[in-house]
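For the protein sequence lines, the chains are A, B, C and D, in the order given. Heads up: the first sequence runs through residues 13 to 300, numbered per the numbering used here. Heads up: the second sequence runs through residues 277 to 612, numbered per the numbering used here. Heads up: the third sequence runs through residues 7 to 289, numbered per the numbering used here. Heads up: the fourth sequence runs through residues 22 to 288, numbered per the numbering used here. Just below is one structure, and these are the notes that go with it.
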Amino acid sequence: MSFLDVENLTLRIVRGPRILRAVSLSVDQGEVRGLVGESGAGKSMIGKAILGTLPRAIEVVSGRIRLDGTDLQTLSARERRRQIGAQVALIPQDPLTALNPVRRVGPQITNRLVDILGWSKDNAQARALELLDEVHIPDPARVMRAYPHELSGGMRQRILIASAFAAEPKLIIADEPTTALDVTVQKQILRLIKNMQAKHNTALLFVTHDLGVVSKICQSLSVLYAGKVIEDTDTRRFFAGPGHAYSQALLHATPKYTDPDDSLTPVPQQVIDAVEAEVAEFDKGLGA
Amino acid sequence: MLLMRSILARLVATCVTLFGAAVIVFFVIRVVPGNPIAMMLPPGATEDDIARLQALYGLDKSIFEQFVIWLGGVVQGDFGTSISLRQPVLDLVLGRLPATLELSIMALVIAVIIGGAMALTGTLRRETRTEAAIDVTGGMALSVPDFLWGLVLILLFGVLWPVFHISGRVSPSLDFDFATQFYLFESVLRLRFDVWADLVSHMFMPALALAIPLAAIIAQLLKQSLKETMHLDYVTLARTKGYPEASVITREALPNAVLPTLTLIGVQFTFLIGGTVIIERLFSYEGLGNMAIDAVINRDLPLIQGIVILFALIFTVVNLVVDMTYAALNPRLRHA
Amino acid sequence: MHDARSTMRRPIGLRLWLSGGWVTLLVLGAIFAPLIAPHDPLYQDLFAGRMPPVWVDGADPNFLLGTDSLGRDVLSRILYGARLALTVALVAGVLTCLIGATLGLIAGYYRGWVDMVISRLVDIWMAFPPVLFAILLIAVLGTGLTSIIIAIVVIDWTRFARVVRAEAMTQGTMDYVASAQVAGRTRFGTMLTEILPNVLPTILALLTLEMGIAVIVEAILSFVNLSISTDAPTWGGMIAEGRTSVHQAWWVLVFPLITLFLTVLSFSQLGEGLKDYFDPVLR
Amino acid sequence: MSDMIYEIRDLRLSFPDMAHKPLFGAAPRVEVLKGLSFDVPKGEVLGIVGGSGSGKSTLGRAMIRLLEPDSGTIRFEGTDITHAEESALRPLRRKFQMIFQDPMSSLNPRRRVAGIIAGPLRLQGVQDTQSCVLEALDMVGLPRSFARRYPHELSGGQRQRVGIARAVALRPDFILADEIVSGLDVSSQAQVLNLLEQLVKDLGLTLAFISHDLSVIRRLCSRIIVMHRGEIVENAPTVQVFDAPQADYTRELLQSIPLPDPDQVWA
Numbered sequence: 013m014s015f016l017d018v019e020n021l022t023l024r025i026v027r028g029p030r031i032l033r034a035v036s037l038s039v040d041q042g043e044v045r046g047l048v049g050e051s052g053a054g055k056s057m058i059g060k061a062i063l064g065t066l067p068r069a070i071e072v073v074s075g076r077i078r079l080d081g082t083d084l085q086t087l088s089a090r091e092r093r094r095q096i097g098a099q100v101a102l103i104p105q106d107p108l109t110a111l112n113p114v115r116r117v118g119p120q121i122t123n124r125l126v127d128i129l130g131w132s133k134d135n136a137q138a139r140a141l142e143l144l145d146e147v148h149i150p151d152p153a154r155v156m157r158a159y160p161h162e163l164s165g166g167m168r169q170r171i172l173i174a175s176a177f178a179a180e181p182k183l184i185i186a187d188e189p190t191t192a193l194d195v196t197v198q199k200q201i202l203r204l205i206k207n208m209q210a211k212h213n214t215a216l217l218f219v220t221h222d223l224g225v226v227s228k229i230c231q232s233l234s235v236l237y238a239g240k241v242i243e244d245t246d247t248r249r250f251f252a253g254p255g256h257a258y259s260q261a262l263l264h265a266t267p268k269y270t271d272p273d274d275s276l277t278p279v280p281q282q283v284i285d286a287v288e289a290e291v292a293e294f295d296k297g298l299g300a
Numbered sequence: 277m278l279l280m281r282s283i284l285a286r287l288v289a290t291c292v293t294l295f296g297a298a299v300i301v302f303f304v305i306r307v308v309p310g311n312p313i314a315m316m317l318p319p320g321a322t323e324d325d326i327a328r329l330q331a332l333y334g335l336d337k338s339i340f341e342q343f344v345i346w347l348g349g350v351v352q353g354d355f356g357t358s359i360s361l362r363q364p365v366l367d368l369v370l371g372r373l374p375a376t377l378e379l380s381i382m383a384l385v386i387a388v389i390i391g392g393a394m395a396l397t398g399t400l401r402r403e404t405r406t407e408a409a410i411d412v413t414g415g416m417a418l419s420v421p422d423f424l425w426g427l428v429l430i431l432l433f434g435v436l437w438p439v440f441h442i443s444g445r446v447s448p449s450l451d452f453d454f455a456t457q458f459y460l461f462e463s464v465l466r467l468r469f470d471v472w473a474d475l476v477s478h479m480f481m482p483a484l485a486l487a488i489p490l491a492a493i494i495a496q497l498l499k500q501s502l503k504e505t506m507h508l509d510y511v512t513l514a515r516t517k518g519y520p521e522a523s524v525i526t527r528e529a530l531p532n533a534v535l536p537t538l539t540l541i542g543v544q545f546t547f548l549i550g551g552t553v554i555i556e557r558l559f560s561y562e563g564l565g566n567m568a569i570d571a572v573i574n575r576d577l578p579l580i581q582g583i584v585i586l587f588a589l590i591f592t593v594v595n596l597v598v599d600m601t602y603a604a605l606n607p608r609l610r611h612a
Numbered sequence: 007m008h009d010a011r012s013t014m015r016r017p018i019g020l021r022l023w024l025s026g027g028w029v030t031l032l033v034l035g036a037i038f039a040p041l042i043a044p045h046d047p048l049y050q051d052l053f054a055g056r057m058p059p060v061w062v063d064g065a066d067p068n069f070l071l072g073t074d075s076l077g078r079d080v081l082s083r084i085l086y087g088a089r090l091a092l093t094v095a096l097v098a099g100v101l102t103c104l105i106g107a108t109l110g111l112i113a114g115y116y117r118g119w120v121d122m123v124i125s126r127l128v129d130i131w132m133a134f135p136p137v138l139f140a141i142l143l144i145a146v147l148g149t150g151l152t153s154i155i156i157a158i159v160v161i162d163w164t165r166f167a168r169v170v171r172a173e174a175m176t177q178g179t180m181d182y183v184a185s186a187q188v189a190g191r192t193r194f195g196t197m198l199t200e201i202l203p204n205v206l207p208t209i210l211a212l213l214t215l216e217m218g219i220a221v222i223v224e225a226i227l228s229f230v231n232l233s234i235s236t237d238a239p240t241w242g243g244m245i246a247e248g249r250t251s252v253h254q255a256w257w258v259l260v261f262p263l264i265t266l267f268l269t270v271l272s273f274s275q276l277g278e279g280l281k282d283y284f285d286p287v288l289r
Numbered sequence: 022m023s024d025m026i027y028e029i030r031d032l033r034l035s036f037p038d039m040a041h042k043p044l045f046g047a048a049p050r051v052e053v054l055k056g057l058s059f060d061v062p063k064g065e066v067l068g069i070v071g072g073s074g075s076g077k078s079t080l081g082r083a084m085i086r087l088l089e090p091d092s093g094t095i096r097f098e099g100t101d102i103t104h105a106e107e108s109a110l111r112p113l114r115r116k117f118q119m120i121f122q123d124p125m126s127s128l129n130p131r132r133r134v135a136g137i138i139a140g141p142l143r144l145q146g147v148q149d150t151q152s153c154v155l156e157a158l159d160m161v162g163l164p165r166s167f168a169r170r171y172p173h174e175l176s177g178g179q180r181q182r183v184g185i186a187r188a189v190a191l192r193p194d195f196i197l198a199d200e201i202v203s204g205l206d207v208s209s210q211a212q213v214l215n216l217l218e219q220l221v222k223d224l225g226l227t228l229a230f231i232s233h234d235l236s237v238i239r240r241l242c243s244r245i246i247v248m249h250r251g252e253i254v255e256n257a258p259t260v261q262v263f264d265a266p267q268a269d270y271t272r273e274l275l276q277s278i279p280l281p282d283p284d285q286v287w288a
């Protein structure tokens, strides 16, 4: 049994088109799964559905999300919130907007421990200091008292990582955590996430559009197109190819600076037509 | 020292504004074609009488001379003597100020409560019929100015269902001796809650009329600001930590959403104070505004000048206070 | 990604129809007042004073909405009052808009010292309570239609200047302005061809809003007895009279008040509706 | 007449730092470009690379004189444009054009595509704008029917093509492309890059391509300038930058790029 099991999850815009089409995926304890797709493929929506932060205009049509065997839909809203708070954490995309600008950093790390999990303030404080040290932040005590605007983007992303691991969650959802950063900082942050994940043996669902990043951090990946899982495979097998035509085309479109003759092939129209047909057939099967 | 600097800059700007206001009001009313002095005297007065009285009020000098003399007096706290009421302008104006301040602040409190509640409810129930209803109500409240709301309130709660007083500041039958002009404040301090209730009953209608448009603006701006904030990652993060929605809104979104709303509330509050002029007239409430209209009708130049300068002073002080509050609440300014 | 706005489209139509309909009705009423008004608005009949509207007991069917204390027909006075109200709305609204929007556009787009001067002027202006300022101006200028219009323009240009300045400033940071500059358009040309079209819907909304405000200012001035002559039919004057006799003859206050209320509401909603209508993204 | 499109010498540019402005007097200035010198020969495709805050976009905007430098010289086709007045620049503007990063902000939302492309043409006195617009749409591979559409009716990749069409319609000598693919998906990214490459070849353009991403410019550019904190740390032919980088920062940049290859040594 995997820690996270998503089964046939279908979402749609209220009275509108589908966003996700019977998505199934699982993440084991200690596994890093990449969730890849172009913008609009619905990759962020899976994380939002798990966390219960879907926009109001989007509704769950069908499907099941199991966390450690518990079906989240069977829980009351209150209990569900508690379970998510205790077991799942999010590393968001933009470190500049992910920390509350009017609050000091310290309470933003400890508030979950104190308010939701009932730790004592001193214990939470000690835990936060320990974690900031773990993510290589110099002088953690000073940083705890700082306001977010006093810290750099890379520093803030480290704090968010520390905050995510604070309550020893079983699952972390990382939603494009390095897209807003410069490549040199991205490298440090990806390494940090990878190390922390291995050390804490956490399940990690890593949402990204960058196949380069996937190859560095994920053991397995799911490729999405129009909310449908096109391919679900092992990372090594994926990059060794040949898998699904669409994912291969995506791989070819990704620039590779080491190859001087890299021809940057756009995704060919026939591949898009084929994958569109697949989606249309799926919709017909549901009687759309 | 960003904060100190912005306060200093604001103080300089305040002085410029006040001086500009003084210049404009002084010269505009000097264009008045009628002769206020002639109106004060009995019909049989001679040219000589008029000249003597003019000299008494300093009206025989050149307009620039008059301005310098007047400005010199103002700096020393001497605003001259009212022509129609024959008392020092400063005493008259300060005597009426508390009434207007009490009314404005009560209106502000009502507006913040109603507007805040509407914004929070609208955010909590966003993209539902409740939010749509709040938008429509707010849109109407905003489109119609305080003067009309005042008239509507008079009809509804003064005539159709007379539960509030619609005229005056306090019932004469109470026969209560106030030691200060801050009636509301004083009645609480002296534990006379019957007097307090009577005052509130008088003030509530004009205050509500002033508050309705402001409440709608607060509701609109704060809700918009809240909804924008609700999309930010730190709010999402708080939600995933297990906080319930209402607590996410009040704990995480509100402190940030209030900041941009605050400056606009400041500007709008100055509009509200400006609105007291006509609302006081409408409800025969004895404040500065009511006195101002009488002063204009009586062509009481020193009194008009005094009142306008006082209003300008209130406006600039309110803006200053808002700016400082903003800076104090914003850690970016506090710790730069 | 699907655009969430498309599913949230606001009902532009109804608002435009209702507000536009009322304004049209009012314009027609004002133009054809001499033809449709049942009585001379100035004719006094002291024996027919304070007649209630027709559906109330003791009414005279000749006076549809009743009469005031001097026996003047309320309906006819409302119709003739619309003439003054709409004239003021149109002339004062357009003039205020032209002056304020031009200054705001220049301040917001050119920035620098021009902006400093205009902004400081706006600050000073806003330190005066507008109603007091208006009354003061009328006292200086004397009563009459022209004075009212001048007073409104002098007081309210700041509303346009402030809003248009802020909007022009936002638009000025957009890359399409830089792009016009790259194409070799002059500063002034860019302001007219790139900035102005994007600010125009806001100006339009402000203009109709201002028309509503002009009607209110006129009413307020009539209310404190400073508008035209005391005898002329104005909504504000009727309201002032109605306010004093509200306990004896509610209709003298209620009907002009409803008219004024609907007019002000319609003008502002008309502006908002038109603004949305001209937004290509919403359309 | 030299065969250089741009000759830039000791270019310096600073912005006022409003956060540290004293109450009276001028704000202190933050130097964004710290004395840059380089040439752009005719027909070259130059890549300008750097992280956020490196000054690469400021450099671009100074080159087409959307910003005025503090000191140094910028010569465009032999003419000194460093401090040229807007009126003096106007006739030159036809020769250097820009494609902006965010097409949503650079395309006026109230104009149709035809109007957006025709605007610069009319200003430069082109008579038959109609046919030029259609030709430009053909060049960037958009259907002619798009001329009647508004920007919000197009996808991100299509909007960026409109931006390109506007720039090439005037047949300029030089185009500056500022991060034009950073907002796009890899599939549209490849399309736009291929299109640009084609246009450079067909029209004999000189191009400066600003990007934070080294990997997208290897194929497109013949020479690369690497910027770091307002200075040029490396200016070399593309092959050399990738195969034998001289500056530490360039090496660090290269080593940080995650290749889509699980076997890459990424230490």
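Virtual Cβ for every residue (Gly too), placed ideally from N, Cα, C.
With distances taken Cα to Cα, identify the nearest neighbour of residue i among the options.
i, options, result
"tryptophan 574(B)", "Ile430(B), Gly565(B), Thr516(B) and Leu361(B)", "Residue 574(B) is actually asparagine in this sequence, not tryptophan. It is Leu361(B) whose Cα lies nearest to the Cα of asparagine 574(B)."
"proline 607(B)", "Val39(A), Arg90(A) and Arg115(A)", "Arg115(A)"
"proline 258(D)", "Asp264(D), Ser243(D) and Pro283(D)", "Ser243(D)"
"valine 388(B)", "Ile555(B), Leu498(B) and Ile585(B)", "Leu498(B)"
"arginine 56(C)", "Thr269(C), Lys281(C), Gln275(C) and Trp257(C)", "Trp257(C)"
"isoleucine 201(A)", "Ile149(A), Arg45(A) and Gln260(A)", "Ile149(A)"
Could you list which residues in chain A have their beta carbon closer than 7 Å to that of residue i, in chain order?
i, result
"glycine 72(D)", "Asp194 and Thr196"
What does residue i touch in chain A if you count any residue whose Cβ is under 8 Å from its own?
i, result
"arginine 608(B)", "Pro113, Tyr159 and His161"
Using a cut-off of 7 Å between C-beta atoms, extract the partners of residue i located in chain B.
i, result
"proline 6(A)", "What the structure shows of chain A is the stretch from 13 to 300, and residue 6(A) is not part of that stretch, so it cannot be assessed."
"arginine 139(A)", "Ordered by position in chain B, no residue passes the 7 Å Cβ test against arginine 139(A), which lies about 15 Å from the chain."
For residue i, go through chain D and note every residue whose CB falls closer than 8 Å to its CB, in chain order.
i, result
"asparagine 68(C)", "Under the 8 Å cutoff, chain D gives no residues; its nearest Cβ is about 55 Å from asparagine 68(C)."
Residue i versus chain C: which residues are under 9 Å apart at the beta carbon?
i, result
"arginine 575(B)", "Ala145"
"phenylalanine 591(B)", "Met132, Ala133, Phe134 and Pro135"
So which residues on chain C does residue i lean against when the C-beta distance must stay under 7 Å?
i, result
"aspartate 123(D)", "Asp181"
"glutamine 145(D)", "Gly190"
Considering only DSSP beta bridges, list what residue i is partnered with.
i, result
"glutamate 323(B)", "Bridge partners of glutamate 323(B): none, in fact."
"tyrosine 602(B)", "Per DSSP, none; premise fails for tyrosine 602(B)."
Per the contact definition of three or more C-beta pairs closer than 8 Å, is the region 138-148 of chain C in contact with the region 164-182 of chain C? Judged by Cβ distances under 8 Å, the region 164-182 of chain C makes no contact with the region 138-148 of chain C, as fewer than three pairs qualify.
Should the region 50-62 of chain D be regarded as contacting the region 72-79 of chain D, the criterion being three or more beta carbon pairs within less than 8 Å? Judged by Cβ distances under 8 Å, the region 50-62 of chain D makes contact with the region 72-79 of chain D, as three or more pairs qualify.
4-residue-minimum alpha helix (DSSP H) runs that sit fully inside the region 189-269 of chain D, ordered along the chain: Segments of the alpha helix (DSSP H) lying fully in the region 189-269 of chain D: 207-224 and 259-264.
Do the region 362-375 of chain B and the region 509-519 of chain B make contact, defined as three or more Cβ pairs closer than 8 Å? With the rule of 3 Cβ pairs closer than 8 Å, the region 362-375 of chain B does not count as touching the region 509-519 of chain B.
4-residue-minimum alpha helix (DSSP H) runs that sit fully inside the region 334-381 of chain B, ordered along the chain: Counting only runs of 4 or more, we get 339-351.
Count the C-beta pairs between the region 218-231 of chain C and the region 162-173 of chain D that are closer than 8 Å, then say yes if the count reaches three, no if not. Remark: fewer than three beta-carbon pairs, one from each stretch, lie closer than 8 Å, so the region 218-231 of chain C and the region 162-173 of chain D are not flagged as touching.
May I have a chain-ordered list of the alpha helix (DSSP H) segments no shorter than 4 residues that lie completely inside the region 413-459 of chain B? Listed in chain order, the alpha helix (DSSP H) runs fully inside the region 413-459 of chain B are 422-429, counting runs of at least 4 residues.
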